[in-house]
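A.B. asks:
There are 2 protein chains.
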Amino acid sequence: MSGLSSLPTPSALVDADRLANNLVRMQSHVDSLGVRLRPHVKTTKCVEIAALQRAAGGRGITVSTLKEAEVFFDAGFTDILYAVSIAPQKVAPALALLRRGCALQLVVDSPAGARAVVDAAAGRRLQPQVLIEVDVDGHRSGVPPGSPRLIETARVLHEGAAVLHGVMAHAGSSYDCRGGEALRALADQERTRSVEAAVRLRDAGLPCAEVSVGSTPTALAAERLDGVTEVRAGVYAFFDLVMAGVGVCTPREIALSVLTTVIGHVPERGQMVVDAGWMALSRDRGTASQPLDQRYGLVCDEAGDVIEGLLVLAANQEHGIAGWREGTAGGDLEARFPLGTRLRVLPNHACATAAQHERYHVVRGTAVEADWPRFSGW
Amino acid sequence: MSGLSSLPTPSALVDADRLANNLVRMQSHVDSLGVRLRPHVKTTKCVEIAALQRAAGGRGITVSTLKEAEVFFDAGFTDILYAVSIAPQKVAPALALLRRGCALQLVVDSPAGARAVVDAAAGRRLQPQVLIEVDVDGHRSGVPPGSPRLIETARVLHEGAAVLHGVMAHAGSSYDCRGGEALRALADQERTRSVEAAVRLRDAGLPCAEVSVGSTPTALAAERLDGVTEVRAGVYAFFDLVMAGVGVCTPREIALSVLTTVIGHVPERGQMVVDAGWMALSRDRGTASQPLDQRYGLVCDEAGDVIEGLLVLAANQEHGIAGWREGTAGGDLEARFPLGTRLRVLPNHACATAAQHERYHVVRGTAVEADWPRFSGW
Numbered sequence: 001m002s003g004l005s006s007l008p009t010p011s012a013l014v015d016a017d018r019l020a021n022n023l024v025r026m027q028s029h030v031d032s033l034g035v036r037l038r039p040h041v042k043t044t045k046c047v048e049i050a051a052l053q054r055a056a057g058g059r060g061i062t063v064s065t066l067k068e069a070e071v072f073f074d075a076g077f078t079d080i081l082y083a084v085s086i087a088p089q090k091v092a093p094a095l096a097l098l099r100r101g102c103a104l105q106l107v108v109d110s111p112a113g114a115r116a117v118v119d120a121a122a123g124r125r126l127q128p129q130v131l132i133e134v135d136v137d138g139h140r141s142g143v144p145p146g147s148p149r150l151i152e153t154a155r156v157l158h159e160g161a162a163v164l165h166g167v168m169a170h171a172g173s174s175y176d177c178r179g180g181e182a183l184r185a186l187a188d189q190e191r192t193r194s195v196e197a198a199v200r201l202r203d204a205g206l207p208c209a210e211v212s213v214g215s216t217p218t219a220l221a222a223e224r225l226d227g228v229t230e231v232r233a234g235v236y237a238f239f240d241l242v243m244a245g246v247g248v249c250t251p252r253e254i255a256l257s258v259l260t261t262v263i264g265h266v267p268e269r270g271q272m273v274v275d276a277g278w279m280a281l282s283r284d285r286g287t288a289s290q291p292l293d294q295r296y297g298l299v300c301d302e303a304g305d306v307i308e309g310l311l312v313l314a315a316n317q318e319h320g321i322a323g324w325r326e327g328t329a330g331g332d333l334e335a336r337f338p339l340g341t342r343l344r345v346l347p348n349h350a351c352a353t354a355a356q357h358e359r360y361h362v363v364r365g366t367a368v369e370a371d372w373p374r375f376s377g378w
Numbered sequence: 379m380s381g382l383s384s385l386p387t388p389s390a391l392v393d394a395d396r397l398a399n400n401l402v403r404m405q406s407h408v409d410s411l412g413v414r415l416r417p418h419v420k421t422t423k424c425v426e427i428a429a430l431q432r433a434a435g436g437r438g439i440t441v442s443t444l445k446e447a448e449v450f451f452d453a454g455f456t457d458i459l460y461a462v463s464i465a466p467q468k469v470a471p472a473l474a475l476l477r478r479g480c481a482l483q484l485v486v487d488s489p490a491g492a493r494a495v496v497d498a499a500a501g502r503r504l505q506p507q508v509l510i511e512v513d514v515d516g517h518r519s520g521v522p523p524g525s526p527r528l529i530e531t532a533r534v535l536h537e538g539a540a541v542l543h544g545v546m547a548h549a550g551s552s553y554d555c556r557g558g559e560a561l562r563a564l565a566d567q568e569r570t571r572s573v574e575a576a577v578r579l580r581d582a583g584l585p586c587a588e589v590s591v592g593s594t595p596t597a598l599a600a601e602r603l604d605g606v607t608e609v610r611a612g613v614y615a616f617f618d619l620v621m622a623g624v625g626v627c628t629p630r631e632i633a634l635s636v637l638t639t640v641i642g643h644v645p646e647r648g649q650m651v652v653d654a655g656w657m658a659l660s661r662d663r664g665t666a667s668q669p670l671d672q673r674y675g676l677v678c679d680e681a682g683d684v685i686e687g688l689l690v691l692a693a694n695q696e697h698g699i700a701g702w703r704e705g706t707a708g709g710d711l712e713a714r715f716p717l718g719t720r721l722r723v724l725p726n727h728a729c730a731t732a733a734q735h736e737r738y739h740v741v742r743g744t745a746v747e748a749d750w751p752r753f754s755g756w
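Heads up: the protein sequence lines correspond to chains L and F, in order.
Under our numbering, the first residue of the first sequence carries the number 1, and numbering increases by one thereafter.
Under our numbering, the first residue of the second sequence carries the number 379, and numbering increases by one thereafter.
This is the structure:
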């Protein structure tokens with residue numbers, strides 16, 4: 001165990017206590033609704049954190065790439081939902097994983113996608129479990145629950161070499177919500193439209209064992225999940241400033257931060273320069289569309305306590321330009337934060353900021369407890 | 379050598395011919411101005427590309443992190459300018475590189491920064507070459523050329539254990555310019571303010587051998603560089619949509635693209651989904667502030683020819699939402715680009731998009747000629 005002062009900058013820090021609290025909070029909420037939680041590991045891409053999620057009660061994991069499936073399967077996770085409509089060219093490597101013993105569930109959202117899966121599976125005498133993605137909020141992808149394509153897609157799977165396992169949905173527009181009422185309404189919409197799709201399948205004589213829904217905001221806002229079997233969520237492990245803006249956490253619960261050093265001052269403009277630019281923070285500006293724009297991130301002291309009104313205002317590749325939010329009388333930056341001062345920056349979007357780093361330094365207070373690798377690529 | 383169709387998606391592609399042309403174009407322009415070109419390797423972070431830049435006539439390299447300095451020194455590059463004001467904590471590892479034989483030039487922009495360098499160097503009996511960063515456009519960091527801090531900083535270096543080597547500037551605001559006239563004016567401002575700083579140093583009896591300036595737009599726009607000794611530029615190797623918007627290249631010259639596959643269609647909204655989301659494209663939306671907003675990127679066919687009006691409109695982590703630019707009558711997406719169709723996406727900002735990838739697949743036409751690793755981290 002070493003101290004925070006031994007770490008180079010910029011570095012990604014994970015606050016162990018906050019992480020543990022965040023995992024417990026989501027797990028106990030989903031438990032209380034009587035459904036399973038299948039954590040999405042795309043946020044953290046870290047075997048150690050997925051193991052904590054499993055220990056907290058998570059059942060299986062969700063992934064967004066085949067590489068995530070492969071890495072986590074090799075690390076002992078066997079129950080994996082690959083929650084992105086599969087490209088025809090990726091069916092063969094996915095089936096190879098299935099053959100190795102991975103209970104890998106696939107997702108499609110069209111008859112053509114279903115056809116690519118069953119054709120490849122038939123040739124290999126395999127029968128993958130497949131979910132159909134349902135579009136519940138016009139956000140991204142999926143079949144509208146009332147569309148004839150839902151039944152067509154299901155028939156291709158059911159009549160071909162696949163197990164029609166159920167439906168899945170992601171109310172991604174929850175990131176644009178503000179506050180409890182809007183989130184509760186969207187959570188209910190995610191649930192009812194997913195269940196509507198399941199009922200349509202069953203009414204057509206087709207199986208639909210699973211109804212998988214989720215996003216961090218809707219998962220935390222949901223008050224009932226009748227008809228749903230599992231919830232997927234990812235960013236809750238770290239939380240971030242976008243989630244704080246949505247209203248599902250406070251900045252004090254954000255477990256991921258970027259440790260940085262003051263490398264210069266620009267007294268002419270009341271700014272200072274830190275060595276965390278967009279390469280360390282990411283280009284994600286998710287809070288730009290929220291009422292409280294946090295620019296490139298909210299600055300904390302080295303111990304992790306928020307410095308009110310201090311933001312990374314702009315970012316070059318390896319330069320962050322920090323300064324006071326308009327209206328904040330925070331005082332002279334050079335006097336308060338001399339050259340070499342170390343600070344932390346809370347991220348707009350944890351998934352994007354984490355992706356800029358190869359490892360997490362796990363801290364408790366100012367002690368560094370562990371160094372967890374994070375992988376990337378496809 | 380294999381074909382493009384063998385590559386997984388998403389993948390970063392580098393068009394070998396376009397890269398070669400871009401390198402020649404910048405090198406011959408800078409040659410014609412009678413100064414040295416010191417390519418900035420932060421864009422590509424790839425030893426193979428830096429070697430091409432050296433072969434084209436580049437003299438030394440520019441880096442933005444100590445890790446870049448270390449990796450390139452280990453790969454045989456000995457003349458390196460670390461062009462970010464050094465954090466006090468990084469002086470020791472930088473000096474270790476110097477002791478290993480690297481001609482590593484450091485940058486400071488304050489008396490305190492200079493003091494940190496000379497104190498550490500004196501203790502190690504080393505004498506690093508140091509440049510003072512000059513702020514020529516109020517964009518980021520550096521000392522204003524007329525500020526008393528310029529002379530103060532220089533005296534700390536000159537009287538301490540350092541070689542006061544010169545001044546450097548980066549007119550980063552060139553990224554906000556449009557067209558030749560504005561760029562020529564900014565290039566001249568970058569030059570004159572840098573030279574002004576050099577003259578002030580010399581008038582004070584201080585040495586100033588080097589006057590290093592540069593950004594891709596100002597480097598290409600400069601018509602004379604009297605008083606300047608070297609030009610630094612990085613993004614010109616790849617170019618990108620931001621540079622096309624600034625007016626220094628066309629989309630047909632962009633050497634970096636992301637190969638992607640169509641994974642779904644949303645006929646209800648006239649959109650399709652590709653497997654390049656922001657993880658593969660980056661969150662950079664540099665063209666958002668330009669007259670022609672290219673959203674998350676301009677789409678090309680698999681061979682690299684632009685499909686007029688087809689954009690990645692929005693991005694989730696592993697989903698890109700593609701569709702026609704408003705006003706483009708491009709026809710039915712599903713008919714034209716069926717499931718499994720492979721496309722390329724030109725990036726907003728090559729530095730940011732490249733950073734999302736671990737390797738470049740080097741292509742000529744549809745043949746894959748090589749696989750070049752790219753490093754990341756600090």
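For glycine and all other residues, C-beta sits at the position ideal for the given N, C-alpha and C.
For L33/L versus L206/L, is the C-beta spacing smaller than 9 Å?
C.D. replies: No, the pair does not count as a contact, with Cβ atoms beyond the cut-off.
A.B. asks: Count the other CB atoms within 10 Å of the CB of A433/F; is the residue buried (16 or more) or exposed (fewer)?
C.D. replies: exposed
A.B. asks: Could you tell me which chain L residues have their CB closer than 7 Å to the CB of K322/F, listed as they occur along the chain?
C.D. replies: Because chain F here runs from 379 to 756, residue 322/F falls outside it and cannot be looked at.
A.B. asks: Is L717/F close to chain L, meaning its C-beta is less than 9 Å from at least one C-beta of that chain?
C.D. replies: L717/F belongs to the set of residues whose beta carbon lies under 9 Å from a beta carbon in chain L.
A.B. asks: Could you tell me if E631/F is buried or exposed, where buried requires 16 or more neighbouring beta carbons within 10 angstroms of its beta carbon?
C.D. replies: Its Cβ being crowded by 16 or more others within 10 Å, E631/F is buried.
A.B. asks: Got a sec: is the Cβ-Cβ distance from V242/L to anything in chain F below 9 Å?
C.D. replies: The beta-carbon of V242/L is placed no less than 9 Å from the nearest beta-carbon of chain F.
A.B. asks: Could you tell me which residues DSSP pairs with L164/L in its beta bridges?
C.D. replies: V130/L
A.B. asks: When you compare only the Cα positions, how much space is there between A472/F and L311/L?
C.D. replies: 29 Å
A.B. asks: Hey, V231/L and R344/L are a contact pair by Cβ (cut 8 Å); roughly how many whole angstroms apart?
C.D. replies: With a Cβ gap of about 30 Å, V231/L and R344/L do not count as contacting.
A.B. asks: Please tell me whether C480/F and A447/F are closer than 9 Å, where the distance is taken between their beta carbons.
C.D. replies: Taking 9 Å as the cut-off, the beta carbon of C480/F is found closer than this to the beta carbon of A447/F.
A.B. asks: For chain F, is any of its Cβ atoms less than 9 Å away from the one on G113/L?
C.D. replies: yes
A.B. asks: Is the Cβ-Cβ distance between V741/F and L391/F less than 9 Å?
C.D. replies: yes
A.B. asks: Pick helix, strand or coil for E601/F, following the three-state DSSP scheme.
C.D. replies: coil
A.B. asks: Are the C-beta atoms of M546/F and some chain L residue less than 9 Å apart?
C.D. replies: no
A.B. asks: Using the three-state DSSP reduction, which class does T719/F fall into: helix, strand or coil?
C.D. replies: coil
A.B. asks: Does the region 151 to 170 of chain L come close enough to the region 200 to 216 of chain L that 3 or more CB-CB pairs lie under 8 Å?
C.D. replies: With a cut-off of 8 Å on Cβ pairs, the region 200 to 216 of chain L is in contact with the region 151 to 170 of chain L, counting three or more such pairs.
A.B. asks: Return the CA-CA distance between D618/F and R396/F, expressed in angstroms with no decimal places.
C.D. replies: 12 Å
A.B. asks: Which residues of the region 733 to 748 of chain F have a Cβ closer than 9 Å to any Cβ of chain L? Give them in chain order.
C.D. replies: Cβ contacts with chain L come from A733, Q734, H735, E736, R737.
A.B. asks: Spell out whether any CB of chain L is found under 9 Å from the CB atom of E646/F.
C.D. replies: yes
A.B. asks: To which residues does DSSP link C300/L through a beta bridge?
C.D. replies: V306/L, R344/L
A.B. asks: Apart from the five residues just before and just after V457/F, which ones in its own chain have a Cβ nearer than 6 Å to its Cβ?
C.D. replies: For clarity, residue 457/F is Asp in the given sequence; the question names Val instead. Answer for D457/F: G438, A481, listed in chain order.
A.B. asks: Within 10 Å of its beta-carbon, does E223/L have 16 or more other beta-carbons around it, so buried, or fewer, so exposed?
C.D. replies: Around the CB of E223/L, fewer than 16 other CB atoms lie within 10 Å, so the residue is classed as exposed.
A.B. asks: Pick from L484/F, L476/F, F455/F, R478/F: whose alpha carbon is nearest that of I464/F?
C.D. replies: Answer by Cα proximity: L484/F.
A.B. asks: With H, G and I counted as helix, E and B as strand and the rest as coil, what does DSSP make of W378/L?
C.D. replies: Of the three classes helix, strand and coil, the one that applies to W378/L here is coil, per DSSP.
A.B. asks: Any residues in the region 340 to 353 of chain L with a beta carbon nearer than 7 Å to a beta carbon of chain F? Which ones, in chain order?
C.D. replies: Those would be G340, C351, A352, in chain order.
A.B. asks: Is the Cβ of I529/F closer than 9 Å to any Cβ of chain L?
C.D. replies: no
A.B. asks: On the CB-based measure, 16 or more other CB atoms within 10 Å of its CB, does A428/F come out buried or exposed?
C.D. replies: buried
A.B. asks: Below 8 Å on the Cβ atoms is my guess for G379/L versus L333/L; work out the distance and round it to an integer in Å.
C.D. replies: Residue 379/L lies beyond the stretch modelled for chain L, which goes from 1 to 378, so this question has no answer here.
A.B. asks: With a threshold of 8 Å, are at least 3 pairs of Cβ atoms found where one atom belongs to the region 655 to 670 of chain F and the other to the region 688 to 702 of chain F?
C.D. replies: yes
A.B. asks: Can you tell me the Cβ-Cβ gap for V266/L and S519/F, rounded? I've got them flagged as a contact below 8 Å.
C.D. replies: 7 Å
A.B. asks: Quick check on this structure: which residue in F450/F, E426/F, A461/F, V449/F has the alpha carbon closest to the alpha carbon of S442/F?
C.D. replies: Nearest C-alpha to S442/F: A461/F.
A.B. asks: Relative to the C-alpha of P466/F, which candidate in A367/L, P338/L, E358/L has its C-alpha closest?
C.D. replies: P338/L
A.B. asks: So is T440/F in contact with chain L if we call contact Cβ pairs under 9 Å?
C.D. replies: no
A.B. asks: If we define contact as Cβ-Cβ less than 9 Å, is G138/L a contact residue for chain F?
C.D. replies: yes
A.B. asks: Going by Cα to Cα distance, which pick from G138/L, V246/L, V136/L, A121/L is closest to V130/L?
C.D. replies: A121/L
A.B. asks: For G701/F, is the classification buried or exposed, using 16 other Cβ atoms within 10 angstroms of its Cβ as the cut-off for buried?
C.D. replies: buried
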